[in-house]
Amino acid sequence: MIAIVDYDTGNLRSVCNALDRIGAEYCVTDNHDIIKNADRVLLPGVGEASSAMQKLSERGLCDVIRGLKQPVLGICIGLQLMCRSSEEGNARCLGIFDAEVRRFTPSPADGVKVPHMGWNEIRNLQSPLFKGIDEGAFVYFVHSFAADVCGGTIATSCNGREFAAAINKDNFYGAQFHPEKSGAVGECILKNFIEL
Amino acid sequence: MVAKRIIPCLDVKEGRTVKGINFLSLQDVGDAVELGRMYARQGADELVYLDISATVEGRNTFTSLVERIASNINIPFTVGGGISTIEDAARLLDAGADKISINSAAVRNPQLIDEIASKYGSQFVVLAVDAKLIDGVWRITTHGGRQLTDKELFSWAREGQERGAGEILFTSMDHDGTRNGYPCDTFAALASELSIPIIASGGAGCVGDIADVLSKGKADAALAASIFHYGEITVEALKRELQKQNIKVRL
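Chains A and B supply the protein sequences, listed in that same order. Its first residue numbered 1, the first sequence is counted upward by one per residue in our numbering. Its first residue numbered 1001, the second sequence is counted upward by one per residue in our numbering.
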């Protein structure tokens, strides 16, 4: 059973739909015991970092997440919340990954747009999370902030500057892109996560 | 760098797609989910579903269709048509839409952009703008180009960005349906003024037109309907042609 952490940050539906498509069992919950006892934990979400941290904290979920031993995957803002801090709302985050989250700088002349929206390549893939995925595979991104490349980086991408497209430390994984919206490549990554 | 996106657009009326020929691979070309899946298989980067129903029943059918699309399609999709309140947006978000596009309602009530963007994020809001060149000024129109407004394209697009739109979908009503290509200079000027992505719509008659708007016009994405629905070219063949012209696409 996969626990999808519900902390009121908008659309969890697309993650649920993607898990349905690959036939995985899940529940959407903010219950501490269910999260602690799940085989896998997903931390999805869209929204603003400081208010998302606030919501995690109101539900007493910060320490629950930090203490998890099973594989945990943060998606998009979920990855960002697992970093040290974010420029967005000057948020102090969970501090699982030793990385800072910074805003992209738009540069229309070079085609660098913010939000970074669309399909981009992931490279330097170094994790069983990317089993069967080719270097340079395209995945779908939608974000204006990104984590700097850091020690645990297991995939990189580029939008004006290179950033961490995925990070891993121990049992914690983060994906800045949306595997649930990344076609067959994304479904493969989700399946890999389930099989970690 | 992010790839240029190719986005087929499907018009939906009373729950069924209205344009299109019979594709051999499809049982039911009117089924919006099946058609969308076919485009996704061909390599479409996103899909846009436009509700052109005129009735309340049609609207309700559309919402349940959006739920089916969300369960079955593994790429992002935008829905548009008749969204005029934050409740409309919320209903479609709950049904599973990744983005909504707003047009006339935002012209009437620009605050709507702020409301939706601040509640659901900029990534959820596509501002669709239809404009016409009149005496050297690109004027914003509504109602499919029939009504002129006092807004001007560049200032309205900038305002939309400042209010929180995540993308601009620009259609030149002078080019829409002509199949003579896009006003690339205008697209390029718009791209240099905005920091958010621009989707080009309306006017594609051939691969070269799409290549031009993505390169010379600096658009981030091209949306097209007829060239795909009438089977003139598949999404995949289009993307291969674009790649030959050194345009970065996802293949």
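Every residue, glycine too, gets a C-beta built ideally from N, C-alpha and C. A quick note: this is a predicted structure, and the numbers were derived from the prediction, not measured.
Beta-carbon separation (whole angstroms), residue i vs residue j, contact threshold 8 Å
i, j, result
"F1062 of chain B", "L1093 of chain B", "The Cβ separation is near 14 Å, so there is no contact."
"L73 of chain A", "A175 of chain A", "7 Å"
"G89 of chain A", "E25 of chain A", "That belief does not hold up - the Cβ atoms of G89 of chain A and E25 of chain A are roughly 35 Å apart, past 8 Å."
"L1169 of chain B", "S1122 of chain B", "The Cβ separation is near 14 Å, so there is no contact."
"L1153 of chain B", "A1131 of chain B", "4 Å"
"S1192 of chain B", "A109 of chain A", "7 Å"
"C173 of chain A", "L129 of chain A", "The question names Cys, yet the displayed sequence has Tyr at residue 173 of chain A. With a Cβ gap of about 6 Å, Y173 of chain A and L129 of chain A count as contacting."
Residue-chain proximity (residue i, chain B), Cβ-Cβ < 8 Å
i, result
"F138 of chain A", "yes"
"C158 of chain A", "yes"
"D134 of chain A", "no"
"V15 of chain A", "no"
"P128 of chain A", "no"
"E187 of chain A", "yes"
"K181 of chain A", "yes"
"D254 of chain A", "Given that chain A is displayed from residue 1 to residue 196, the structure contains no residue 254 of chain A and the question cannot be resolved."
"R21 of chain A", "yes"
Proximity test, Cβ basis, 8 Å: residue i and chain A
i, result
"R1179 of chain B", "no"
"P1197 of chain B", "yes"
"D1220 of chain B", "yes"
"A1200 of chain B", "no"
"I1052 of chain B", "no"
"S1064 of chain B", "no"
"A1188 of chain B", "no"
"P1008 of chain B", "no"
"D1088 of chain B", "no"
"Q1245 of chain B", "no"
"A1003 of chain B", "yes"
"S1215 of chain B", "no"
"S1101 of chain B", "no"
"Q1042 of chain B", "no"
"I1075 of chain B", "yes"
"R1250 of chain B", "yes"
"S1192 of chain B", "yes"
"E1034 of chain B", "no"
Beta-carbon spacing of residue i, residue j below 8 Å
i, j, result
"S1195 of chain B", "V142 of chain A", "no"
"N17 of chain A", "S1071 of chain B", "yes"
"T156 of chain A", "A165 of chain A", "yes"
"A1044 of chain B", "I1006 of chain B", "yes"
"G1205 of chain B", "G1177 of chain B", "no"
"A1117 of chain B", "A1165 of chain B", "yes"
"Q70 of chain A", "V41 of chain A", "yes"
"G1202 of chain B", "H1175 of chain B", "yes"
"C188 of chain A", "G132 of chain A", "yes"
"G1096 of chain B", "R103 of chain A", "no"
"E87 of chain A", "V101 of chain A", "yes"
"Y140 of chain A", "P1076 of chain B", "yes"
"L1127 of chain B", "G1160 of chain B", "yes"
"K1013 of chain B", "I1069 of chain B", "no"
"F97 of chain A", "K169 of chain A", "yes"
"D30 of chain A", "L61 of chain A", "yes"
Reference residue i, options the options, closest by Cα
i, options, result
"W1138 of chain B", "B:L1127, B:L1112, B:G1166 and B:T1171", "B:T1171"
"G1036 of chain B", "B:A1054, B:R1016 and B:S1053", "B:R1016"
"C93 of chain A", "A:L68, A:S57 and A:L73", "A:S57"
"M82 of chain A", "A:A99, A:E88, A:V139 and A:G89", "A:A99"
"L1010 of chain B", "B:K1239, B:L1251, B:I1227 and B:E1236", "B:I1227"
"V1002 of chain B", "A:R84, A:E25, A:D6 and A:N159", "A:N159"
"L190 of chain A", "A:L43, A:K36 and A:N11", "A:L43"
"A1157 of chain B", "B:R1179, B:Y1120 and B:V1129", "B:V1129"
"T1149 of chain B", "B:P1183, B:A1189 and B:S1104", "B:S1104"
"E1034 of chain B", "B:I1247, B:V1213, B:S1215 and B:V1066", "B:V1066"
"V112 of chain A", "A:E135, A:R161, A:I35 and A:M1", "A:R161"
"A3 of chain A", "A:D33, A:I22, A:R21 and A:K169", "A:D33"
"A1032 of chain B", "B:L1190, B:A1106 and B:I1073", "B:I1073"
Interface flag, residue i vs chain E, CB-CB below 8 Å
i, result
"E1162 of chain B", "The chain labelled as chain E is not found among the protein chains of the depicted structure, namely A and B."
For this session: Could you name each continuous alpha helix (DSSP H) segment of 4 residues or more that falls completely within the region 1084-1148 of chain B, going from the start of the chain to the end?
Result: 1086-1095, 1104-1108 and 1111-1120
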